[in-house]
Structures are given as structure tokens and as C-alpha cells.
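In what follows, a structure is listed as C-alpha cells, so that the remarks can point back to it.
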Amino acid sequence: MKSLSSQPYKGTRDFYPEDKRVQNYIFSIWKSVSESFGYEEYGAPVLEPLELYAAKSGNELVNEQTYTFTDRGGRTVAVRPEMTPSICRMVAAKRQELAYPARLYSIANFMRYERPQRGREREFWQLNVDIFGDDSVAAEAEIIMLSDKIMKKFGAKPEDYTIKINNRKLVNFMMAQYLELDASSSQLMAKLFDRRNKISEDDFIDQAKEIFGDKAEAGISKIKTLLSAKTMADLPGEILTSSAIHEIQQLFTILEKAGITSLTFDITLMRGLDYYTGMVFEVFDNHPDNNRALFGGGRYDGLVGLFGVEPVSAVGVAPGGTTMENFLQTHNLLPKLQSSTDVYVVTLGDVSREALKLASEMRDAGINTELNLSEKKFDKQLKTALKKGIPFILFIGEDEVKSGIYTIKNIAKSEEYKVNFTELTKLIKE
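Take the position in the sequence shown, starting the count at 1, then add 580; the result is the number in the numbering used here.
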């Protein structure tokens, strides 16, 4: 019989305790920042009807990247590739009962069938933060402020990252009025702009020429004018007449008043998903070893209305766990994370009954305690404790049982203490 592989399914990863510590650290920052802005946690099913994603997420996501199957009841279902359609369904279901603006967040895992690469896996974990029922630019400002706070809470400096901002209404105006493209050509051009940093400049120009057709010469000239614009003021006059420009200016004013300095306007920023309707943004890593988009979001006002209720405006953002971990590693921002076990109890001689009692009392005192119950030799117990990276080792033998004074070693400091039970618990907690 062929032996089974010990490797995880392609595009997924195993999380051993040391990996899980990093993941839990990232989750803890996400959770604390989200809740500090007044967002409340929710959960949603890992399976949804396929039509939920087909309605608005785009053909590529549904046809090429979604894990689908027919269940025993004959229904076509999908393993969730994203959270936005699910939370919109949930908001639609309780539209009249929710208090607006509704501030909601979740931390969950998703599956997409795509080519695994650095920062991109088939199974990935993501924070989703969304605000529903606020039509003003203040909603985008809050979501971007929250994103900036996440970066700073991880220890990032303003110069470590850039928040790029654009507006899909401005994109639509630019495509139709300035570049003079029809609806289908506009969509193709937007997707090309979205891939611009992933292909060569020559490929970008060649593909743009194909989209323009007979008007390629004039069209390419206009695109070059757009790409040379470093600020909104540098944009062609025809584009500056768009109402979306005023929205972007409003947003920058709010964010600058909030002290956020890592901002830039980027006319080429598209965001891939088709459901964005207004402001879009992405947080980019400025480090040359990891120069890429970390995460992004934007306004999507049309999704809740797809469920047969009055539309509810929405703005969201979705940082991913792996890209966040890569950022922290690249910038040396990961703290030294130790075992969740506080103390390992090493037994010397026949003291199992007393050791069990002591371990129980320590757990009752809020100390995570691992106790050796096998008859391992002293050196093997010690080796186990050190290999697990447990910060304290407590020794208990017949002398300790009689005296009530225990020897405990702080591994990091290589210091030993002789303490009673009260001093012992205080020492570990401190």
C-alpha cells in the first residue's frame, strides 16, 4: 500500500504552534483595532450558494477560482472565496433591525483555486471590516484611518507603507469621457490598468493599443498623460471637471486632519472586483524586498440591494494574514512570541500526587501549567521543556513537598529562585 503524503493540500499550509502564535498575534491586533473603532464581530457560513458570488464578484472569481460542488440535495454550493457577499446577505436579512451606521468585522478563512505564490495561497485568512449605512466620504475616511491604525499598531512607520487612493466613478468618467471608450472596452482597459504593475511597460502599451483599435495613437498619448500625473492637479482639465475629484479632495482633507501622512492619489488604481462603486484604496509595502499591495478596500453600494431590499451603502477593507506576516518579517516587526504554556513542572521521585495537586492549584490561579505524568527521567523532562520553549521550569521532589519551598527557573534570564506558592504565582504572572 502506498504511504500517504505528509504534505498539506497544494496552496494551503499547516500551522504548528510556533506558526499559530504568529497568526494569533496578527489576529489580536486586527481584533483590538477593529473594536477600538466600535466594530462588532460576526460570523458567517463557510458554504454559500454559488449564485451569491456569480451575481457581482466577477466571472474570473466564480468560473476559475471558486471551489464548487453539488451537495446531496442537488444544490450548487461554493466554499466561500470572500466575505463581502455573505455580510451583505446578512445585512439584507436584518435590514430593518440593524442600527446604522452598522460597524461589523470578522476574521475568517477562505478558499480560492489560484496559482500559489508568495503572499497568495489557496486557503487564506482575512480580516473583513465593513461599515453599512453611511453615504458620506466620512465612511471611507474611517475605514482608511482604521487601516492606517492597523499598520501603526504592528509597529510600522508612515514611510514603510503608502495608502493609494482612487475613485471608481472617476475611473468610469476617465474611460468614457477622456479615453472615449465604450462600456466593454472600458472594462477591458480597467482590468489592464489593474494588471499594470504585473506586466512589462511594452506589454501594457501593446494591450492598450488592441483595446483602442483605430484610435490607438491618440489613446496611448492620453494614457501617457495620465501616467505622468503625480498629483490630482497634474491631471488633464477634462478629468478635473468630474464630481469624483471633489470627493477625493474631501477625503484627503479629512485624512490629513487626522494626521495620516502615508497618502497618495493614484489614477491607475482600479481594484479588481467588479462591485466597487466609489472610492477605492490599497495599502502598499514600500520595502524593495516586498514592494507589493498588502491589502485594500473601497465603497460598494449596490450589493445589499441584490437581495430584494432597499440598497444600503457600504465601505469595507480586507487585510490578509499571509501578506501581513510577510510585511512584518520584511520589516523585522514580529515580536518574539513564546509558548502559551507558562510553566513546565519537572517531577523528581515519587511525588505524582503532590505534583498533581500543585499543578491544579496553579491552573486555578490562572497559570498555564504542563505537568509530566509519565515516568520520564529528569534529563528527558528538562529537554522536553526546553524544546517547547516554555519560559519557566518548576522542580518538585520530596524536599519541596516537605518544605513547601519550590525551585523555579526563568529560562530566558537563566535565573533560579526558591519560593513558596504565593511567591511562585506572583513571579510567573509578573
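From the three backbone atoms N, C-alpha and C, an ideal C-beta is built for every residue, glycine too.
Residue i: buried (16+ other C-beta within 10 angstroms of its C-beta) or exposed?
i       : result
Met581  : exposed
Phe792  : buried
Tyr856  : buried
Ser842  : buried
Asn689  : exposed
Gly878  : buried
Leu966  : exposed
Thr1005 : buried
Lys963  : exposed
Arg601  : buried
Ser583  : exposed
Asp710  : buried
Tyr741  : buried
Glu827  : buried
Ala939  : buried
Ala788  : buried
Between the beta-carbon of residue i and the beta-carbon of residue j, is there less than 7 Å?
i      : j      : result
Thr910 : Asn870 : yes
Val626 : Tyr633 : no
Leu750 : Ser686 : no
Phe907 : Arg669 : no
Leu917 : Tyr605 : yes
Met859 : Asn747 : yes
Phe875 : Ile745 : no
Gly591 : Pro696 : yes
Ala555 : Leu835 : Look at the range of the chain in this structure, 581 to 1010, and you will see that residue 555 is not part of it.
Ile991 : Asp922 : no
Thr848 : Arg776 : yes
Thr648 : Ala658 : yes
Val889 : Ala718 : no
Glu628 : Arg655 : no
Gly969 : Ser932 : no
Of the choices the options, whose alpha-carbon is the least far from that of residue i?
i       : options                           : result
Asn708  : Gly969, Thr811 and Thr664         : Thr664
Glu862  : Lys993, Ile723, Glu818 and Gln961 : Ile723
Thr646  : Leu908, Met691, Asn604 and Ser983 : Met691
Lys674  : Val892, Thr844 and Ala873         : Val892
Phe734  : Gly901, Met859, Phe784 and Ala721 : Gly901
Tyr1060 : Ala672, Asp651, Pro597 and Glu694 : Residue 1060 falls outside the range modelled here, since the chain spans only 581 to 1010, and no answer is possible.
Phe864  : Glu739, Ser983, Asp930 and Leu815 : Glu739
Lys982  : Asp794, Glu934 and Thr1002        : Glu934
DSSP on residue i, reduced to helix/strand/coil?
i      : result
Leu917 : coil
Pro738 : helix
Asp786 : helix
Asp854 : coil
Gly817 : helix
Ser932 : helix
Gly793 : helix
Ala939 : helix
Gly984 : coil
Gln676 : coil
Val889 : coil
Glu862 : strand
Ala838 : coil
Ser612 : helix
Met691 : strand
Pro547 : Residue 547 lies beyond the stretch modelled for the chain, which goes from 581 to 1010, so this question has no answer here.
At least three beta-carbon pairs within less than 8 Å, the region 871 to 883 to the region 680 to 690:
Under the Cβ criterion (8 Å, minimum of three pairs), the region 871 to 883 does not count as touching the region 680 to 690.
Tell me, please, whether the region 967 to 975 touches the region 911 to 929 by the rule of three or more beta-carbon pairs shorter than 8 Å.
Here the region 967 to 975 makes contact with the region 911 to 929; the two share three or more CB pairs at distances below 8 Å.
Would the region 726 to 736 and the region 887 to 905 be scored as touching if the rule is three or more Cβ pairs under 8 Å?
Yes, the region 726 to 736 is in contact with the region 887 to 905.
Determine, using beta-carbon pairs with one atom in the region 619 to 634 and one in the region 681 to 700, whether at least three such pairs fall under 8 Å.
They touch, by the three-pair rule.
Does the count of Cβ pairs from the region 788 to 805 and the region 694 to 714 closer than 8 Å reach three?
In short, these stretches do not touch, since the Cβ pair count stays below three.
Any chance the region 603 to 615 sits against the region 975 to 989, with 3 or more Cβ pairs inside 8 Å?
The region 603 to 615, when compared against the region 975 to 989, does not touch it at the 8 Å Cβ threshold.
Tell me, please, whether the region 938 to 958 touches the region 749 to 769 by the rule of three or more beta-carbon pairs shorter than 8 Å.
No, because fewer than three Cβ pairs between the region 938 to 958 and the region 749 to 769 fall closer than 8 Å, the two stretches do not touch.
Should the region 753 to 767 be called in touch with the region 813 to 822, which here means at least 3 C-beta pairs below 8 Å?
Yes: at least three Cβ pairs fall under 8 Å.
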